[in-house]
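Peer 1: My structure is below; once you've seen it, I'll send some questions.
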Amino acid sequence: MLDIRLIREQTDFVKNGLNRLGAPTDIIDTILELDRRKRRLLTDVESLKGERNSVSKTIPRITDSAERERKIAEMRQLGERIASLDAEVQSVDATLQKRMLEVPNLPHEGTPLGLNESDNVVVRQIGDPRAFDFAPKPHWELGEKLGILDIARGVKISGSRFYILKGAGAALQRALIAFMLDVHIREHGYTEVYPPFMVREECLYGTGNLPKFGDNLYHDVEDDLWLIPTAEVPVTNLYREEILEADLLPIRHVAYSSCFRRERMSAGRDVRGIKRGHQFDKVEMVKFVEPLQSDAELESLVADAEDICRRLEIPHRVVQMCTADLSFSAAMKYDIEIWASRAGGEEGEWLEVSSCSNFRDFQARRAGIRYRPSKGARPEYVHTLNGSGLALPRTLIAVIENYQNEDGSITVPAALKPYLNGLCKLEGE
RNA sequence: GGAGAGAUGGCUGAGUGGACGAAAGCGGCCGCCUGCUAAGCGGUUGUGGGGGUGUAUAGCCCUCACCCCGGGUUCGAAUCCCGGUCUCUCCGCCA
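Converting from the first sequence to our numbering requires adding 25 to each position, the first position being numbered 1.
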């Protein structure tokens, strides 16, 4: 959510930002009008309330009973006017809030201007795709053949976009999870959190998934709980409606969770293999920082995510999103893409395994996450950031496809050996 | 799931319709005093919004709302009524 005062006082600046996103700006005019109406009503109703308060205080001291009754009747009438004005304020304010929640974050001044994803900028690439001296296979073929992946039975029990990891496949994913968590905890200074996978509605408003993207979420109507699409949601909301002491910042959390997405918008896309499922696991990093630190913290967040690719010795690249490709809540965003050899008649591809974003105060304002810059100072909104470190299925794809051997076996990356009891190779039974 | 109790400021905890944004204590901050430490003394100390005055998102002034959340009763609600959420105790069940 943007600051209403910013919208009021620097309207052109705000509209300019929305223009850069390619987002409509007429909503800003709507908001300004609602805001004006609300404040006008507020001044009116508040002066009436002031009158009622002061008169009401004198009533018990009025000894003349006729006079007393007269005042009470007067106040009763005043109360009716207040009630109707209050109702009006409430309805205007509700509309205003609704509109406010629909406005995306403004792009960071460092986010490159662009019209579509072709304007994204490849910032750096580490490592080159492996040159195979045999015909490499896609992960679904390798996985099925090794008996570590069973897509058919996944579909049988839960429907399309579900799969089973079995034996060494399940172990490999578990090893990746433990490896990632350990690196972030021990080497990068994050504190592990194990959050609920179901949250209340307000948490999704906090991160910006609602109101606009509800159709990608699973919602249990009976208990009104929502399955998380990413651990970003529960972890960011950890400190909602709190005022943190400045010396607690920066807070850096890492969380493993399953994630649940309906993928309605990508029907028919990426249906092959395990690239896009309704349920997947992810290790997520979330930061709460002082505003002046957030630019630097985004860079280190990207570096922390990249470090996983580096340690796995898989080629990857960092792509900075242009204004057209920013997510709703992000001011600046980098994607980390890992190389997957793919094949089976298809080219290899860069798979998005992490999105690292600086949301500045956008989520913090929605979720009410503040801190006190110094003793006695007025609370201010923190800046929040997050990024995957990394998404499991696509990392798994990259490991399987990049580390495949001609006989269909898969070499275990050196970094994962300690997590697989020293196992060197997956060879099937 | 059944029965009961409860939710007040950073914390403890008063307050059951009228000057209560809230006693008292603790803690915090500022100052005084004491040649250390401890104690003592005085002051101060929640959040958000609106209006005014300011170059000011600095001060200052006025004002409204907030005693878990949402409704209601009343001239007036922390206090009464209804709904919700959460916590605790006992029983039941359970990984």
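Glycine included, every Cβ here is placed at the ideal spot set by N, Cα and C.
If you follow the beta strand (DSSP E) that Leu-252 is part of, which residue opens it and which one closes it?
Peer 2: For the purposes of this step, residue 252 is identified with residue 227 of the first sequence, where counting begins at 1. 250-252 is the extent of the beta strand (DSSP E) around Leu-252.
Peer 1: For Arg-124, which residues of its own chain have a beta-carbon under 8 Å away from its beta-carbon, when the five flanking residues on both sides are left out?
Peer 2: Looking up residue 124 in the first sequence gives position 99. Within the same chain, Arg-124 has close Cβ partners Ile-52, Thr-55, Ile-56, Leu-59.
Peer 1: Have a look at Val-117 and Leu-110 and give me their C-alpha separation to the nearest angstrom.
Peer 2: By one-based count along the first sequence, residue 117 stands at place 92. By one-based count along the first sequence, residue 110 stands at place 85. Whole-angstrom Cα-Cα distance: 11 Å.
Peer 1: DSSP state of Ala-119, grouped into three classes?
Peer 2: Numbered from 1 along the first sequence, position 94 holds the residue referred to as residue 119. Three-state result, Ala-119: helix.
Peer 1: Would Asn-446 be called buried (16 or more neighbouring beta carbons within 10 Å of its own) or exposed?
Peer 2: By 1-based counting over the first sequence, the position of residue 446 is 421. When all chains shown are included, Asn-446 counts as exposed.
Peer 1: So who's on the other strand from Asp-175, going by DSSP bridges?
Peer 2: Start at 1 with the first residue of the first sequence, and residue 175 comes out as number 150. Ile-189, per the DSSP bridge assignment.
Peer 1: Might you give, ordered along the chain, the residues of its own chain that have their beta carbon closer than 6 Å to the beta carbon of Ile-276, omitting 5 neighbours on each side?
Peer 2: Your numbering for residue 276 matches position 251 in the first sequence. The answer, listed in chain order, is Phe-313.
Peer 1: At what residues does the beta strand (DSSP E) containing Asn-383 begin and finish?
Peer 2: Here residue 383 refers to the residue found at position 358 of the first sequence. First-last of the beta strand (DSSP E) with Asn-383: 374-385.
Peer 1: Excluding the five sequence neighbours on either side, which residues of its own chain have a C-beta within less than 7 Å of the C-beta of Val-180, listed in chain order?
Peer 2: By 1-based counting over the first sequence, the position of residue 180 is 155. Within the same chain, Val-180 has close Cβ partners Phe-187.
Peer 1: Can you check the stretch 234-318 for any beta strand (DSSP E) of at least 3 residues that lies completely inside it and give the ranges in chain order?
Peer 2: Taking only runs of at least 3 residues, the beta strand (DSSP E) segments lying wholly in the stretch 234-318 are 250-252, 267-270, 276-285, 304-314.
Peer 1: State the start and end residues of the unbroken beta strand (DSSP E) segment that holds Gly-447.
Peer 2: For the purposes of this step, residue 447 is identified with residue 422 of the first sequence, where counting begins at 1. Here Gly-447 belongs to no beta strand (DSSP E), and DSSP marks it neither H nor E.
Peer 1: One question on the structure: do Leu-376 and Ala-440 come within less than 8 Å of each other, judged by their Cβ atoms?
Peer 2: Counting from one through the first sequence, the residue named residue 376 turns up at place 351. Counting from one through the first sequence, the residue named residue 440 turns up at place 415. For Leu-376 and Ala-440, no; Cβs fall outside 8 Å.
Peer 1: Under the rule that 16 or more other beta-carbon atoms within 10 Å means buried, what is Phe-159, buried or exposed?
Peer 2: Counting from 1 along the first sequence, the entry for residue 159 is found at position 134. When all chains shown are included, Phe-159 counts as exposed.
Peer 1: Taking only three categories from DSSP, how would you classify Gln-35?
Peer 2: Translated into the one-based positions of the first sequence, residue 35 becomes position 10. DSSP places Gln-35 in coil when its eight states are reduced to three.
Peer 1: Taking the alpha carbon of Tyr-444 as the point to measure from, which residue in Ala-48, Ala-203, Gln-35 has its own alpha carbon closest?
Peer 2: What you label residue 444 is simply residue 419 of the first sequence in a count that begins at 1. Out of Ala-48, Ala-203, Gln-35, Ala-203 has the C-alpha closest to the C-alpha of Tyr-444.
Peer 1: Would you tell me roughly how many angstroms separate the C-alpha atoms of Ser-90 and Ala-402, rounded to the nearest one?
Peer 2: Residue 90 sits at position 65 when you count from the first residue of the first sequence. Residue 402 sits at position 377 when you count from the first residue of the first sequence. Using only the alpha carbons, I get a separation of about 50 Å.
Peer 1: Assuming Met-310 and Gly-412 form a contact by the criterion Cβ under 8 Å, report the distance between their Cβ atoms to the nearest whole angstrom.
Peer 2: Counting from one through the first sequence, the residue named residue 310 turns up at place 285. Counting from one through the first sequence, the residue named residue 412 turns up at place 387. Met-310 to Gly-412, Cβ: 5 Å. Contact.
Peer 1: Could you tell me if Tyr-406 is buried or exposed, where buried requires 16 or more neighbouring beta carbons within 10 angstroms of its beta carbon?
Peer 2: If you number the first sequence from 1, residue 406 lands on position 381. Buried is the call here.
Peer 1: Starting from Asn-411, follow its DSSP beta bridges and name the residues at the other end.
Peer 2: Taking the first sequence and counting its residues from 1, one reaches residue 411 at position 386. Val-311, Ser-382, per the DSSP bridge assignment.
Peer 1: Do the stretch 251-266 and the stretch 223-231 meet, that is, are 3 or more Cβ pairs less than 8 Å apart?
Peer 2: Result yes; three or more Cβ-Cβ pairs closer than 8 Å.
Peer 1: Return the residue from the list Ala-195, Ile-29, Val-424 that minimises the CA-CA distance to Lys-63.
Peer 2: Within the first sequence, the letter at position 38 stands for residue 63. When only C-alpha atoms are compared, the closest one is Ile-29.
Peer 1: Can you check which of these residues, Val-327, Ala-416, Glu-371, Asp-332, is closest to Cys-381 by C-alpha distance?
Peer 2: Mapped onto the first sequence, residue 381 falls at position 356. Comparing Cα-Cα distances from Cys-381 to each of Val-327, Ala-416, Glu-371, Asp-332, the minimum goes to Val-327.
Peer 1: How about the stretch 205-214 and the stretch 260-274: do they share at least three Cβ pairs that are nearer than 8 Å?
Peer 2: Segments in contact, no.
Peer 1: Per the DSSP calculation, Ile-394 is bridged to which residue(s)?
Peer 2: The sequence position of residue 394 within the first sequence is 369, counting from 1. Its beta-bridge partners are Glu-267.
Peer 1: Just verifying my parser: in three-state terms, what is the DSSP assignment at His-209?
Peer 2: On the first sequence, residue 209 is found 184 positions in, with the first residue counted as 1. Correct three-state label for His-209: helix.
Peer 1: From the DSSP output, which residues share a beta bridge with Ile-363?
Peer 2: Position 338 of the first sequence, counted from the first residue, corresponds to residue 363. Note: Ile-363 sits in a beta bridge opposite His-341, Leu-376.
Peer 1: Give a yes or no on whether the C-beta atoms belonging to Phe-387 and Ser-352 are separated by under 8 Å.
Peer 2: By 1-based counting over the first sequence, the position of residue 387 is 362. By 1-based counting over the first sequence, the position of residue 352 is 327. The answer is no: Cβ separation not under 8 Å.
Peer 1: Name the DSSP beta bridge partners of Glu-405, please?
Peer 2: Looking up residue 405 in the first sequence gives position 380. Its beta-bridge partners are Tyr-396.
Peer 1: Once the 5 residues before and after Glu-374 are set aside, which same chain residues still bring their CB inside 7 Å of it?
Peer 2: Within the first sequence, the letter at position 349 stands for residue 374. Excluding residues within five positions, the ones whose Cβ falls inside 7 Å are Ala-365, Arg-367.
Peer 1: With Ala-389 and His-408 assumed to form a contact (beta carbons below 8 Å), what rounded beta-carbon distance in angstroms separates them?
Peer 2: Residue numbering aside, residue 389 sits at position 364 when the first sequence is read from its first letter. Residue numbering aside, residue 408 sits at position 383 when the first sequence is read from its first letter. Indeed they touch by this definition, with Cβ atoms about 7 Å apart.
Peer 1: I believe Phe-120 touches Thr-348 by the beta-carbon criterion, under 8 Å. Please report the beta-carbon distance rounded to the nearest angstrom.
Peer 2: Sequence index remark: in the first sequence, residue 120 carries index 95 (1-based). Sequence index remark: in the first sequence, residue 348 carries index 323 (1-based). This sequence places Thr at residue 120; Phe is not what is there. Rounded, the Cβ-Cβ distance is 28 Å, inconsistent with contact.
Peer 1: Roughly how far, in whole angstroms, is the beta-carbon of Glu-127 from the beta-carbon of Asp-350, given that I think they are within contact range, below 8 Å?
Peer 2: Start at 1 with the first residue of the first sequence, and residue 127 comes out as number 102. Start at 1 with the first residue of the first sequence, and residue 350 comes out as number 325. That belief does not hold up - the Cβ atoms of Glu-127 and Asp-350 are roughly 19 Å apart, past 8 Å.
Peer 1: Where does Glu-452 fall in DSSP's three states?
Peer 2: Here residue 452 is taken as the residue at index 427 of the first sequence, counted from 1. Glu-452 falls in the coil class under three-state DSSP.
Peer 1: Please name the residue, chosen from Pro-316, Glu-372, Ser-319, Val-378, that lies closest to Val-343 on a Cα-to-Cα basis.
Peer 2: Position 318 of the first sequence holds residue 343. Closest by alpha carbon: Val-378.
Peer 1: Tell me Leu-416's beta-bridge partners as DSSP assigns them.
Peer 2: Within the first sequence, residue 416 is the residue found at index 391, counting from 1. According to the sequence shown, residue 416 is Ala rather than Leu. Paired residues: Lys-307.
Peer 1: Would you tell me roughly how many angstroms separate the C-alpha atoms of Phe-384 and Pro-129, rounded to the nearest one?
Peer 2: One-based indexing of the first sequence puts residue 384 at position 359. One-based indexing of the first sequence puts residue 129 at position 104. Roughly 11 Å separates the two Cα atoms.
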